[in-house]
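Numbering (our numbering), first residue to last: 97 to 251.
Have a look at the structure below before the remarks.
In structure tokens form, the structure reads like this:
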């Protein structure tokens with residue numbers, strides 16, 4: 097699957113700007129992981145911290161960048177990333193309208209839990225705008241999208 101050209105707020109080093117996702121990923125090998133929501137328990141206690149902790153290990157495996165996507169606005173994403181020591185090393189994608197989440201068919205209806213529509217937890221290895229591998233969690237699980245698991249998958 098090829099990444100389509102979405103224009104979304106991307107947070108890099110604490111600065112948010114609307115950019116082309118396709119241009120952002122061109123000629124790069126990146127990790128894209130998605131979370132149900134900034135400041136939610138598993139996302140905040142395990143998912144994002146795992147990628148921050150293993151960031152240098154990913155770079156040593158020739159990964160050009162790590163991006164976290166959530167159905168949140170850019171202000172929430174920026175605040176969440178910057179609430180961590182070294183959180184600015186992870187780039188944020190604020191998919192506030194869930195356009196990218198819908199494109200990947202990863203929209204999850206959490207309205208029964210009063211959480212609206214969210215992104216399913218996932219991780220992807222993307223090279224030059226092409227999805228090489230994708231790992232999608234079942235609801236309530238956290239394993240195949242973890243930083244530790246994804247690091248093991250990189251060749």
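Every residue, glycine too, gets a C-beta built ideally from N, C-alpha and C.
Min CB distance residue i to chain B below 7 Å
i: residue 112; result: Annotation note: the requested chain B is absent from the structure, which comprises a single protein chain.
Exposure label - residue i; buried when at least 16 CB within 10 Å
i: residue 137; result: exposed
Coarse secondary structure for residue i, derived from DSSP in three states
i: residue 122; result: coil
i: residue 241; result: coil
i: residue 103; result: strand
i: residue 150; result: coil
i: residue 233; result: coil
i: residue 167; result: coil
i: residue 158; result: coil
i: residue 208; result: helix
Inter-residue Cα distance where the pair is residue i and residue j
i: residue 152; j: residue 133; result: 24 Å
i: residue 249; j: residue 205; result: 29 Å
i: residue 145; j: residue 111; result: 20 Å
i: residue 195; j: residue 207; result: 18 Å
i: residue 162; j: residue 216; result: 18 Å
i: residue 154; j: residue 247; result: 7 Å
Nearest-angstrom Cβ-Cβ length linking residue i and residue j, presumed shorter than 8 Å
i: residue 170; j: residue 178; result: About 12 Å; that fails the 8 Å criterion.
| Cβ contact (3+ pairs, closer than 8 Å) linking the segment 217-237 and the segment 119-132 | yes
| task | State whether the segment 105-113 contacts the segment 228-243, with contact taken as three or more CB pairs (one from each stretch) at a distance under 8 Å. | result | no
| request: Assess, as a yes-or-no matter, whether the segment 198-216 is touched by the segment 111-124 under the definition of 3 or more beta carbon pairs within less than 8 Å. | output: no
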